[in-house]
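The sequence shown begins at 1 in the UniProt record's numbering and counts up by one.
Built from N, CA and C at the ideal position, the CB exists for glycine as well.
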Amino acid sequence: MSRIDPKVATSTFLPRTFLFSRNPNSTQRCSFWFSTKGPMKLFFSLILLFTLYLPFASASDTSDLFERWCKEHAKTYSSEEEKRYRFHVFEDNYAFVSQHNRNANDNNSTYTLSLNAFADLTHHEFKTSRLGFSPSLLRFKRVQNQQPRHLLHNPSQIDWRQSGAVTPVKDQASCGACWAFSATGAIEGINKIVTGSLESLSEQELVDCDTSYNSGCEGGLMDFAYQFVIDNKGIDTEDDYPYQARQRSCSKDKLKRRAVTIEDYVDVPPSEEEILKAVASQPVSVGICGSERAFQLYSQGIFSGPCSTSLDHAVLIVGYGSENGVDYWIVKNSWGKYWGIDGYIHMIRNTGDPKGICGINTLASYPIKTKPNPPPPPAPVRCNLFTHCSEGETCCCAKSFLGICFSWKCCGLTSAVCCKDKRHCCPRDYPICDTEKSQCLKITNGTTTITSGNKDISNKPRGWKSN
């Protein structure tokens, strides 16, 4: 199966620069900023009523609805032509949502749709911008060594959000990095369970640096993300290495900042019972088919399809439960908190299909963690209010006037001695600078001892560097 291409499709009315953006002032990119609190809840309720009870709304009614929708979602378009095109797409999605919701009772549907933030995208545009799972990579997967470890008795329901083991919903935007969000979510969960600390981890590190098999915004697989974290001996936090929604050069410095570690991972056998046992112990990464049109416009309820079992999206199961006798998975998505149930979807389980709804039973995995995380790295060495050196370095004044330093450089030695020539430094164990001979000295029992040459601002190891 070919890899999902997450780039937004072009059209006569849709330039390639037309992507999702969180800049509400942009005129070249589509923006969406809104809240589900207060008036926003009322707006969504009105939309739902509109789709249920006004199936034959006039063009002017739909146009008014579109204008209100654009205002509430802070949508802007680059031209009137593009706006007209988006209106026609909105009309088509409105008809689809209306038909589904009108027929929900007749068809015993357990979920409803809404005109959410993606209602001005065609189904094709949505698929090409919001997925990113790469089933073609499965041929590279390792032979499973670890065996699943489960509780003796599974609870009838569980929600890891209530245990504080789930970070807030994130947004992959128009980058096919769902695999990275699924993987970090699972690591965040087991880290909280083992250490008691919930850390939001860096998807951007995986997008930028995990390139042996995974392909950043072009798609990937959770198992390879786990293996990357294992090989790197940890992963950085989201705060330190924030998400950019595009692949950039890997930050070698941030690779060394290992906030959370794992030791291994487990591929769960393709069985609903086995997955339920795993979820009872921790959040679990899964692959699903997320490209159905109803998935794009899902609003609430228990999603029951129809959908394919061809995997093209990665999500995180964070629990399970039942409602009115219908069993479901609690699934965390990475499309922002304004999709679905505050960013989540309830997906039906116990359907009798061995593959599960949308193939959810066919590719599940989770990380193993038993050891504590490494201690945090030392804080940077601060020279003054505006200048600092990296950990393990010493601040040395390079330029001063009347005893006040106004230019600093960093000596690549810990607690070093800064030489008076303001160009060199010596180790603290050899504190005497002989800059003419490029030597560092110390006197012990009247005897002069010489160490290796002192350090300067050239390209020698541990030379100074400007700040």
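Problem set entry | 3-residue-minimum beta strand (DSSP E) runs that sit fully inside the stretch 326 to 369, ordered along the chain | 326 to 332, 344 to 348, 364 to 368
For this session: List the whole-angstrom C-beta distance separating Cys-175 from Ile-288, where the pair is believed to meet the contact cut-off of C-beta under 8 Å.
Result: Between Ile-288 and Cys-175 the Cβ distance is about 18 Å, and since that is not below 8 Å, they are no contact.
For this session: Return yes when the Cβ of Lys-409 is within less than 7 Å of the Cβ of Cys-426, no when it is not.
Result: no
For this session: Going by CA-CA distance only, name the one from Glu-272, Thr-435, Ser-365 that's closest to Tyr-320.
Result: Glu-272
Problem set entry | Cβ neighbours of Phe-126 in the same chain (closer than 6 Å, five flanking residues each side left out) | Phe-118, Gln-296
For this session: In the DSSP assignment, find the beta strand (DSSP E) that holds Ala-398 and state where it starts and stops.
Result: 394 to 401
Exercise. What are the uninterrupted segments assigned as alpha helix (DSSP H) that are 4 or more residues long and contained completely in the stretch 173 to 236, given in chain order?
Worked result: 178 to 195, 203 to 209, 222 to 232
Problem set entry | Residues that Gln-439 bridges to, as DSSP identifies them | Asp-434
Problem set entry | Cutoff 7 Å; reference Lys-83; Cβ partners in own chain excluding five residues on either side | Tyr-77
For this session: Just tell me which of Ser-251, Thr-122, Arg-68 has its CA closest to the CA of Asp-208.
Result: Ser-251
Problem set entry | alpha helix (DSSP H) segment containing Tyr-94, residue limits | 80 to 102
For this session: Output the distance between the C-alpha atoms of Leu-65 and Thr-112, rounded to the nearest integer angstrom.
Result: 19 Å
Exercise. CA-CA distance, Asp-239 and Glu-72?
Worked result: 29 Å
Exercise. Any idea if His-88 is buried or exposed, counting beta-carbon neighbours within 10 angstroms, 16 or more meaning buried?
Worked result: exposed
Problem set entry | Residues of its chain near Asp-429, where Cβ-Cβ distance is below 7 Å and the 5 sequence neighbours each way are ignored | Lys-442
Exercise. From Lys-256 to Glu-391, what does the alpha carbon distance come to, in whole angstroms?
Worked result: 12 Å
Exercise. Among Val-229, Asp-171, Ala-165, which residue has its Cα nearest to the Cα of Gly-196?
Worked result: Ala-165
Problem set entry | Alpha-carbon spacing of Asn-25 relative to Trp-69, whole angstroms | Low confidence applies to Asn-25: its pLDDT is 36, below 50, so where it sits in the model is not reliable, and the reading given next is rough at best. Their backbone Cα atoms lie some 17 Å apart in a straight line.
Exercise. Are the stretch 216 to 235 and the stretch 173 to 190 touching by the rule of at least three beta carbon pairs closer than 8 Å?
Worked result: yes
For this session: May I have the straight-line CA-CA distance separating Asp-61 from Asp-253, to the nearest angstrom?
Result: 55 Å
For this session: Drop a sphere of 10 angstroms on the beta-carbon of Arg-382, count the other beta-carbons inside from all chains shown, and report buried for 16 or more, exposed for fewer.
Result: exposed
For this session: Report the three-state DSSP secondary structure of Gln-28 (helix, strand or coil).
Result: Below a pLDDT of 50, predicted positions are generally treated as unreliable, and Gln-28, at 29, falls in that range; the measurement from the model is reported next regardless. Coil.
Exercise. Between residue 496 and Gly-336, is the Cβ-Cβ spacing less than 7 Å?
Worked result: Shown here, the chain extends from 1 to 467; a query on residue 496 therefore has no answer.
Exercise. The beta strand (DSSP E) with Thr-128 in it runs from where to where?
Worked result: Segment 123 to 130 is the alpha helix (DSSP H) holding Thr-128; no beta strand (DSSP E) there.
Exercise. What's the call for Pro-374, buried or exposed, on a 16-neighbour Cβ count within 10 Å?
Worked result: exposed
Exercise. For Thr-394, which option in Pro-380, Leu-402, Tyr-241, Ile-341 has the closest C-alpha, if you only look at C-alpha atoms?
Worked result: Pro-380
For this session: List the whole-angstrom C-beta distance separating Lys-371 from Thr-261, where the pair is believed to meet the contact cut-off of C-beta under 8 Å.
Result: 7 Å
Exercise. Looking at the unbroken alpha helix (DSSP H) that takes in Ala-294, where does it start and where does it end?
Worked result: 293 to 296
Exercise. By how many angstroms is the C-alpha of Glu-436 removed from the C-alpha of Val-417?
Worked result: 16 Å
Exercise. Using the C-alpha atoms, what's the distance from Phe-224 back to Arg-139?
Worked result: Confidence at Arg-139 is low in this model, with a pLDDT of 49, below 50, so its placement is unreliable and no value can be given for it.
Exercise. DSSP puts Ile-262 in a beta bridge; with which residues?
Worked result: Per DSSP, none; premise fails for Ile-262.
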